[in-house]
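Here is the structure we will look at, set down as structure tokens.
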Amino acid sequence: AEPQEVSWGELIEQVTVFARTLREQGVEAGDRVIGYLPNIPEAIVAFLATASIGAVWSACGQDYSAKAALDRLGQLDPTVLVTADGYRFGGKEHDKRADIAALRDGLPGLRATVVVSQLGLDVADALPWTDAVADAGLGVIETAPVDFDHPLWIVFSSGTTGLPKGIVHGHGGVLLEHLKAVALQSNMGPDDTFFWYTSPSWMMWNFQVAGLLTGATIVTYDGSPTAGGPDALWRIAAQVGASVFGTSPGYVLGCIKAGSVPRADHDLSALR
Numbered sequence: 705a706e707p708q709e710v711s712w713g714e715l716i717e718q719v720t721v722f723a724r725t726l727r728e729q730g731v732e733a734g735d736r737v738i739g740y741l742p743n744i745p746e747a748i749v750a751f752l753a754t755a756s757i758g759a760v761w762s763a764c765g766q767d768y769s770a771k772a773a774l775d776r777l778g779q780l781d782p783t784v785l786v787t788a789d790g791y792r793f794g795g796k797e798h799d800k801r802a803d804i805a806a807l808r809d810g811l812p813g814l815r816a817t818v819v820v821s822q823l824g825l826d827v828a829d830a831l832p833w834t835d836a837v838a839d840a841g842l843g844v845i846e847t848a849p850v851d852f853d854h855p856l857w858i859v860f861s862s863g864t865t866g867l868p869k870g871i872v873h874g875h876g877g878v879l880l881e882h883l884k885a886v887a888l889q890s891n892m893g894p895d896d897t898f899f900w901y902t903s904p905s906w907m908m909w910n911f912q913v914a915g916l917l918t919g920a921t922i923v924t925y926d927g928s929p930t931a932g933g934p935d936a937l938w939r940i941a942a943q944v945g946a947s948v949f950g951t952s953p954g955y956v957l958g959c960i961k962a963g964s965v966p967r968a969d970h971d972l973s974a975l976r
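Taking this note's numbering, the leading residue of the sequence shown gets 705, the next gets one more, and so forth.
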């Protein structure tokens, strides 16, 4: 499939309008907004809108069951859930409406659910994403002033010993750490395209979002790393002209075992 692009202008408009939608649902600074989402552009918009009003973001991917999601997000007493009706992976569609219902049942403090349509399914008593970002032309993000250590997001440990443990990152601290890592250590700027294969369940999703801090283009991909062949991620990196690409040792080992030779099979000339 051809990549779909979201311009800076479109991103700012959607963030501006969705922030207003959150305020209309009564979300205030310090409230928690959660995502149960694939790695899609709407997840980026929802996070940025949440941060702009001083609310706190936390998320996990839809490969998690409702119980696994509740083990994490249920600790936060969230006010708004942003989710998708399902996702496609490895050529199969995964209807997540039953898990969404279970998640909502386990979160009595929810005021609203916003649903991104990935599969064209109806989710009862939910606000469609298209309605939540319907107005255009607003253009300026109104940001709430917060303290340096005001919570920005909550990431979670793996949960190998008891319930997953929440880790709170403040606005100022993680902003400086990410700027250091992205701008200095990775030398990224406005001419870069940053592609890291990840999901909202993993802190590398948060790190990839930080690419926006330097004006880089970031790539969201919610499909299988082996779609159409073991070297799918290399194919995507070539397709989007990625200059910085992140993946796992396990994936690289899988490519080696499959006999893939990315430099011979794909144009990776942009990759540095």
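Ideal Cβ positions, reconstructed from N, Cα and C, are used throughout, including at glycine. This one's a predicted model, so the numbers in the text were calculated from it and none came from an experiment.
**OP:** Report all residues from its chain with a CB closer than 6 Å to the CB of G765; omit the five preceding and five following residues, and keep chain order.
**Re:** Stepping through the sequence shown from its first residue, residue 765 is reached at position 61. Cβ neighbours of G765 beyond the five flanking positions: S903, P904 and S905.
Original post:
Quick one, are the C-beta atoms of F898 and A920 less than 7 Å apart?
Top reply: Start at 1 with the first residue of the sequence shown, and residue 898 comes out as number 194. Start at 1 with the first residue of the sequence shown, and residue 920 comes out as number 216. Yes, they are a contact pair.
Original post:
If you draw a straight line from the alpha carbon of D757 to that of G810, how long is it in whole angstroms?
Top reply: Here residue 757 refers to the residue found at position 53 of the sequence shown. Here residue 810 refers to the residue found at position 106 of the sequence shown. Position check: residue 757 holds Ile in this sequence, whereas Asp was assumed. Cα-Cα distance, rounded: 25 Å.
**OP:** Assign V731 to one of three DSSP states: helix, strand, or coil.
**Re:** As a first step, residue 731 is located in the sequence shown; it is residue number 27 there, counting from the start. V731: coil per DSSP, three-state reduction.
**OP:** Pull up the distance between the alpha-carbon of G794 and that of S928, whole angstroms please.
**Re:** The residue you call residue 794 lines up with position 90 of the sequence shown. The residue you call residue 928 lines up with position 224 of the sequence shown. When rounded, the distance between both Cα atoms is 5 Å.
Original post:
Any chance the region 848 to 858 sits against the region 810 to 825, with 3 or more Cβ pairs inside 8 Å?
Top reply: no
Original post:
Nearest to V872 by alpha carbon, out of W761, R976 and D803?
Top reply: Here residue 872 refers to the residue found at position 168 when the sequence shown is read from its first residue. Cα-wise, what sits closest to V872 is W761.
Subject >> Distance, T951 Cα to T930 Cα >> reply: Translated into the one-based positions of the sequence shown, residue 930 becomes position 226. Translated into the one-based positions of the sequence shown, residue 951 becomes position 247. The alpha-carbon atoms of T930 and T951 are separated by roughly 13 Å.
**OP:** Just confirm the distance between the C-beta atoms of T787 and L741, as a whole number of angstroms; I'd bet it's less than 8 Å.
**Re:** Taking the first residue of the sequence shown as position 1, residue 787 is located at position 83. Taking the first residue of the sequence shown as position 1, residue 741 is located at position 37. Going by Cβ atoms, the distance from T787 to L741 rounds to 6 Å, so yes, they are a contact pair.
Subject >> Integer Cβ distance of G739 from A750, believed to fall under 8 Å >> reply: What you label residue 739 is simply residue 35 of the sequence shown in a count that begins at 1. What you label residue 750 is simply residue 46 of the sequence shown in a count that begins at 1. About 6 Å; that satisfies the 8 Å criterion.
Subject >> Element boundaries [alpha helix (DSSP H), containing V749] >> reply: Start at 1 with the first residue of the sequence shown, and residue 749 comes out as number 45. Taken as a continuous stretch (DSSP letters only), the alpha helix (DSSP H) holding V749 covers P745 to S756.
**OP:** Taking only the alpha-carbon atoms, compute the straight-line gap between S973 and A941 and give it to the nearest angstrom.
**Re:** Here residue 973 corresponds to residue number 269 of the sequence shown, with the count starting at 1. Here residue 941 corresponds to residue number 237 of the sequence shown, with the count starting at 1. Their backbone Cα atoms lie some 10 Å apart in a straight line.
**OP:** May I have the straight-line CA-CA distance separating D775 from Y768, to the nearest angstrom?
**Re:** As a first step, residue 775 must be located in the sequence shown, where it is residue number 71. As a first step, residue 768 must be located in the sequence shown, where it is residue number 64. Going from the Cα of D775 to the Cα of Y768 covers about 10 Å.
**OP:** Kindly identify the DSSP beta-bridge partner or partners of T787.
**Re:** As a working mapping, residue 787 is identified with position 83 in the sequence shown. Bridge partners of T787: Y740 and V819.
Original post:
Is the closest heavy atom of the ligand FMN to the C-beta of R736 under 6 Å?
Top reply: Among the components modelled here there is no ligand, and therefore nothing to report on the ligand FMN.
Original post:
When we look at the beta-carbon of R815 and count the other beta-carbons within 10 Å, is it buried (16 or more) or exposed?
Top reply: Position 111 of the sequence shown, counting from 1, holds the residue named residue 815. That one is exposed.
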